[in-house]
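The next block holds one structure in the form of structure tokens; read it before the comments.
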Amino acid sequence: MHQQRIGFSSSTSGWWNRLLQYHSAIGSHQQVLQLYAEMMRSRTSPSLAPNASTFPSIFRACAYLPSSSLPLRLQLGRAIHAHVFRFTAQSDMYVGSSLIHFYASCCKMKGAHRVFDTMPHRNIVLWTALIQGHAQSGEGRRSNNNAIDMFNRMMRSEDGIRPNTVSMLSVLPTCGRLMECESLHAFAIRSGLDSDSMVGASLTNTYLKYSSIVQALRFFHSLPDKNQASWLVMICGLAQCGLLSDAFSLVTTMLGSTNWDLDSTAIVTLLSASKDKGALEHGRWVHKYVIKAGFAQDVFVGTSLVDMYAKFGFLGFARHVFDHIREKSLVLWNAILYSYAREGLTYEVLKLFKDMRFREGLAPDSITVRSLLLGSSCRRGAAIWLGESIHGFIFKGGFHSEVATVNCLLDFYAKAERLRAMEALFAAMDERERDAVSWNCVIHGYAQSGRGEKVLKLFSTMCSTAIDPDHFTLSSVLHACAAMGDLLHGQCVHTHMIARGYIYNAITRTSLLNMYAKCGAISSAYQLFYEMHVRDTISLNAIISGFYQNGFATEALSLFHNHLTNSSLIVDAMPDYVTLALAISACAQLGSLRVGMCLHSYILRNGFEGNITLGNAIISMYAKCGAIEHAERVFKRSMATFERDLTSWTAMIAGYGMHGRVQEALSLFREMQAEVRPNAVTYLELICACSHGGLVDEGLACFRSMRREHGLLPGAEHYACLVDMLGRAGRMWEAYELIRDDLSSSSSRGKVDGAVWGALMGACRIYGEVALGEAAAAEAMRLEPGNGGYGVLLSNIYSGVGRWEEAAEIRGRVGFMERRPGWSCIQG
1 MHQQRIGFSS STSGWWNRLL QYHSAIGSHQ QVLQLYAEMM RSRTSPSLAP
51 NASTFPSIFR ACAYLPSSSL PLRLQLGRAI HAHVFRFTAQ SDMYVGSSLI
101 HFYASCCKMK GAHRVFDTMP HRNIVLWTAL IQGHAQSGEG RRSNNNAIDM
151 FNRMMRSEDG IRPNTVSMLS VLPTCGRLME CESLHAFAIR SGLDSDSMVG
201 ASLTNTYLKY SSIVQALRFF HSLPDKNQAS WLVMICGLAQ CGLLSDAFSL
251 VTTMLGSTNW DLDSTAIVTL LSASKDKGAL EHGRWVHKYV IKAGFAQDVF
301 VGTSLVDMYA KFGFLGFARH VFDHIREKSL VLWNAILYSY AREGLTYEVL
351 KLFKDMRFRE GLAPDSITVR SLLLGSSCRR GAAIWLGESI HGFIFKGGFH
401 SEVATVNCLL DFYAKAERLR AMEALFAAMD ERERDAVSWN CVIHGYAQSG
451 RGEKVLKLFS TMCSTAIDPD HFTLSSVLHA CAAMGDLLHG QCVHTHMIAR
501 GYIYNAITRT SLLNMYAKCG AISSAYQLFY EMHVRDTISL NAIISGFYQN
551 GFATEALSLF HNHLTNSSLI VDAMPDYVTL ALAISACAQL GSLRVGMCLH
601 SYILRNGFEG NITLGNAIIS MYAKCGAIEH AERVFKRSMA TFERDLTSWT
651 AMIAGYGMHG RVQEALSLFR EMQAEVRPNA VTYLELICAC SHGGLVDEGL
701 ACFRSMRREH GLLPGAEHYA CLVDMLGRAG RMWEAYELIR DDLSSSSSRG
751 KVDGAVWGAL MGACRIYGEV ALGEAAAAEA MRLEPGNGGY GVLLSNIYSG
801 VGRWEEAAEI RGRVGFMERR PGWSCIQG
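If you're matching positions, the sequence shown starts at 1 in UniProt numbering and goes up one per residue.
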């Protein structure tokens with residue numbers, strides 16, 4: 001450097017400018033500023049003074065100073081701006097554009113506009129600099145609006161300026177609405193810029209940002225000259241929108257018909273999409289490509305591979321990829337730590353953490369802590385212990401001052417259902433520190449725990465703060481409304497979504513659809529589904545589930561059939577096992593054996609036969625449709641196709657019970673106990689089977705074995721079934737004594753409600769058992785003294801045996817008691 005200074009001490013400013021431009025081009029911005037200071041000190045004649053060619057490099061260097069030194073950057077830039085007036089004219093367009101860029105980098109758009117307004121002649125360079133300034137000034141949505149406004153002003157200006165490729169590339173990413181993108185696209189067509197490969201890639205990316213798949217594909221295929229960027233933008237966009245099959249089809253086309261290859265960004269995107277869609281085979285194909293194309297040592301690709309294999313439960317493959325990367329970054333360590341923590345492998349997590357710190361010499365950062373917390377929140381047991389230990393490490397390491405880390409702690413406690421710890425942590429946060437994620441973690445935690453009223457209260461409080469609810473907030477609130485059946489509050493959230501523009505978000509729209517379906521407003525749910533631009537598998541499942549749960553099984557099957565046969569849908573919404581299980585359940589509800597068999601055939605042809613949920617649904621469907629032999633065949637073959645679980649055994653026992661084959665049900669129950677432990681539902685189906693088959697003593701034996709052999713407490717539904725069974729056999733006093741004796745034990749207290757005694761009273765009316773009916777009525781009214789319905793039942797018993805005076809007297813008393821009215825879903 002000393003030799004350079006000697007050499008240039010007697011040179012002209014042109015030599016200094018070349019040296020400044022060289023260092024600016026290679027990114028040595030500190031060196032540029034030092035050279036400028038040396039140039040000013042060695043200025044001995046007018047020929048060494050800065051000129052218009054000097055300042056662009058200087059202002060570029062100022063703009064790239066660290067953001068942490070913003071006041072110093074601004075002070076230095078303004079001082080050099082004064083040199084512009086002293087040594088040259090600000091009207092030079094290159095000096096002006098560099099000044100605009102500098103002020104925009106400091107978020108001082110008023111200064112940028114002052115420079116722009118003083119320029120006597122404004123060309124495309126100046127307009128583009130101002131548009132870029134607004135786009136990059138960090139003012140969010142306001143910046144984007146201003147960038148588009150400046151673009152429109154340029155179009156209307158009297159200078160006759162026409163946008164070029166650079167100005168189009170500057171304004172396209174700022175589109176805040178699909179309509180703005182379509183308007184810019186129309187202009188690009190009129191000006192011939194749509195054929196530019198870079199503009200084409202940017203337009204494609206903008207359409208994909210708003211999930212406008214049809215327009216993006218149409219535009220992409222119309223490009224006459226597709227470069228690598230165009231292909232990769234389209235591939236990544238399709239993958240990010242969940243259209244994995246279309247993305248890989250495009251990859252195959254690109255690799256087979258062009259000389260372009262995937263880059264690391266596209267590989268990471270495809271791996272992430274494969275992980276999210278559960279497409280292991282696609283992920284393995286990408287892994288093979290990674291090895292073949294020489295990306296095996298790329299740390300970002302390696303991290304994505306580790307994450308993908310871990311998500312599918314293949315920790316061995318994840319560890320293999322991790323171990324074969326020579327230069328392991330902290331990001332890669334964080335990924336493997338998260339993977340092991342997510343599986344609850346506490347010992348391995350601690351060993352890896354120790355290796356990272358002491359063998360590799362890497363200090364954990366806040367991302368490490370968050371990775372461990374996020375992994376721990378996916379498991380229970382030992383992982384919860386690990387998460388609580390990390391809480392202590394956070395405070396010891398000083399990470400508690402970072403909002404993102406505290407948010408991860410909130411998320412951990414929410415998923416672990418440690419609601420008190422979550423509440424305490426949230427309450428300890430300063431109100432100014434809480435961001436949208438903090439609120440979302442707490443609201444989501446309450447929603448998942450069934451605390452709907454708490455969710456609505458917190459949502460109301462959040463709306464009164466400066467933080468706006470986002471689509472995650474709204475999804476959690478809609479989930480709470482759906483769980484409570486609270487249609488009114490759900491409609492209020494719908495109104496909020498429309499006002500804030502979230503109605504077009506795929507996540508919130510699907511949550512809204514689900515809320516309407518679960519609240520019984522199925523027509524509103526279908527309207528939302530019909531109006532969706534992109535219908536994915538989740539939204540398809542939500543609407544089919546809505547039809548099925550609301551008793552519209554025919555409509556559910558019709559929608560499923562239409563979806564399979566509608567080839568006009570471009571969206572990647574192929575049925576998954578949930579869709580098929582819902583369709584099978586709808587067949588069972590309708591008793592439609594023919595359609596159920598067709599669906600079974602579809603499942604076999606498309607490789608779904610190994611799914612346990614589907615296998616259980618098929619067994620239940622055949623049993624309910626009267627084809628018990630088919631149910632038996634599927635059940636017996638299940639050991640070869642899927643691993644039978646408790647639900648499989650219970651479904652088959654229930655099937656035998658429905659068909660009166662009680663001995664087979666009891667035999668299967670005995671066989672089942674050698675493999676799995678029965679639960680309360682299994683016993684309910686078994687007692688019902690005995691009731692329908694008239695095997696009262698066997699049913700009583702099953703009822704008593706619940707507690708004696710498996711420690712299961714009978715619920716109200718078990719007692720109701722028992723009452724029905726003994727009532728049919730005329731052994732109602734036995735039912736009364738059994739229920740009364742069970743009530744005397746503290747373990748059963750609270751399990752029997754008035755409805756059980758009401759069922760016994762109903763049996764007493766049929767068989768004319770007045771004394772027993774009076775005893776049952778006394779017990780029912782003791783449990784629910786305000787319910788006049790039991791008085792009506794007792795009156796009916798008296799009427800049935802001709803005791804009209806007692807019946808009239810009881811009905812007179814009922815007039816002074818509260819009778820619970822019937823409620824329908826319409827009444828909310």
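Each residue gets a CB set at the ideal place from its N, CA and C atoms; glycine is no exception. Quick caveat: nothing in here was measured; it's all calculated off a predicted structure.
Asked, Found
"Short of 7 Å in beta carbon distance, which residues of its chain neighbour ALA63, apart from the five on each side in sequence? Order them along the chain.", "HIS101, PHE102 and SER105"
"Please report how far the alpha carbon of PHE59 lies from the alpha carbon of GLU453, in whole angstroms.", "56 Å"
"Would you check if there are 3 or more beta carbon pairs closer than 8 Å linking the segment 364–376 to the segment 314–329?", "no"
"Which word fits ASP411, buried or exposed, when buried means at least 16 other C-beta atoms lie within 10 angstroms of its C-beta?", "buried"
"Rounding to the nearest angstrom, what Cα-Cα distance links GLN21 and GLN34 in this structure?", "13 Å"
"Tell me whether GLY313 sits in a helix, a strand or coil according to DSSP, three-state version.", "coil"
"Between MET725 and PRO714, is the Cβ-Cβ spacing less than 8 Å?", "no"
"The alpha helix (DSSP H) spanning ALA588 covers which residue range?", "577–590"
"What three-state label does DSSP hand CYS106 in the structure shown?", "coil"
"Using the rule of at least 16 other Cβ atoms within 10 Å of the residue's Cβ for burial, across every protein chain shown, is SER567 buried or exposed?", "The pLDDT assigned to SER567 is 45, lower than 50, so where the model puts this residue is not dependable; a value taken from the coordinates is nonetheless given after this. SER567 comes out exposed."
"What's the gap between the Cα of VAL331 and the Cα of ILE148?", "37 Å"
"Please state if the CB of LEU169 and the CB of CYS175 are separated by a distance shorter than 8 Å.", "no"
"Going by DSSP in three states, LYS275 sits in which element: helix, strand or coil?", "helix"
"Taking the CB atoms as reference points, tell me whether THR579 and ILE544 lie closer together than 8 Å.", "yes"
"Helix, strand or coil, according to DSSP, for residue 829 in the structure here?", "This structure cannot speak to residue 829, because the chain is shown only from 1 to 828."
"Indicate the three-state DSSP secondary structure (helix, strand or coil) for GLU632 in the structure shown.", "helix"
"Apart from the five residues just before and just after GLU402, which ones in its own chain have a Cβ nearer than 7 Å to its Cβ?", "SER366"
"By the 10 Å Cβ neighbour count, where 16 or more other Cβ atoms means buried, how is SER230 classified, buried or exposed?", "buried"
"Does the distance from the CB of residue 831 to the CB of ALA586 come in under 8 Å?", "This structure cannot speak to residue 831, because the chain is shown only from 1 to 828."
"Please state the DSSP three-state secondary structure of LYS454.", "helix"
"Could you say which of PHE552, ILE612, THR565 and LEU564 lies nearest to TYR577 if we only look at CA atoms?", "ILE612"
"What is the residue span of the alpha helix (DSSP H) that PHE560 lies within?", "553–565"
"Just to confirm before moving on: does the CB-CB distance between ALA763 and VAL792 stay below 8 Å?", "no"
"Using a 10 Å radius around the Cβ and a threshold of 16 neighbouring Cβ atoms, would you call ASN562 buried or exposed?", "exposed"
"Span of the alpha helix (DSSP H) holding TYR504?", "Here TYR504 belongs to no alpha helix (DSSP H), and DSSP marks it neither H nor E."
"Output the boundary residues of the alpha helix (DSSP H) element that contains TRP16.", "13–25"
"Could you please give the first and the last residue of the uninterrupted alpha helix (DSSP H) stretch that includes MET429?", "Unbroken run through MET429: none, as it is neither H nor E."
"Can you tell me whether PRO224 is helix, strand or coil according to DSSP?", "coil"
"In whole angstroms, give me the CA-to-CA distance for ALA689 and TYR413.", "43 Å"
"Going by DSSP, what residue range makes up the alpha helix (DSSP H) through ILE467?", "Looking at the DSSP string, ILE467 is not in any alpha helix (DSSP H), and its letter there is neither H nor E."
"Beta-carbon separation of THR473 and TRP439 under 8 Å?", "yes"
"Helix or strand or just coil, what does DSSP make of GLY140?", "Caution is warranted here: a pLDDT of 47 is assigned to GLY140, below 50, making its placement in the model unreliable, and the coordinate value is therefore given only provisionally. Three-state result, GLY140: coil."
"Measuring alpha carbon to alpha carbon, tell me which of ALA729, SER57 and PRO56 ends up nearest GLU694.", "Note that residue 694 corresponds to Gly in the displayed sequence, not to Glu. When only C-alpha atoms are compared, the closest one is ALA729."
"Can you confirm whether the segment 797–811 touches the segment 761–775 when touching is taken to mean that 3 or more C-beta pairs between the two stretches lie within less than 8 Å?", "yes"
"What did DSSP end up calling GLY750 once you bin it into helix, strand or coil?", "At GLY750 the pLDDT is 47, less than 50, meaning the model places this residue with poor confidence; the figure from the coordinates comes in the next sentence. GLY750 falls in the coil class under three-state DSSP."
"Report all residues from its chain with a CB closer than 6 Å to the CB of ALA436; omit the five preceding and five following residues, and keep chain order.", "ILE467 and ASP470"
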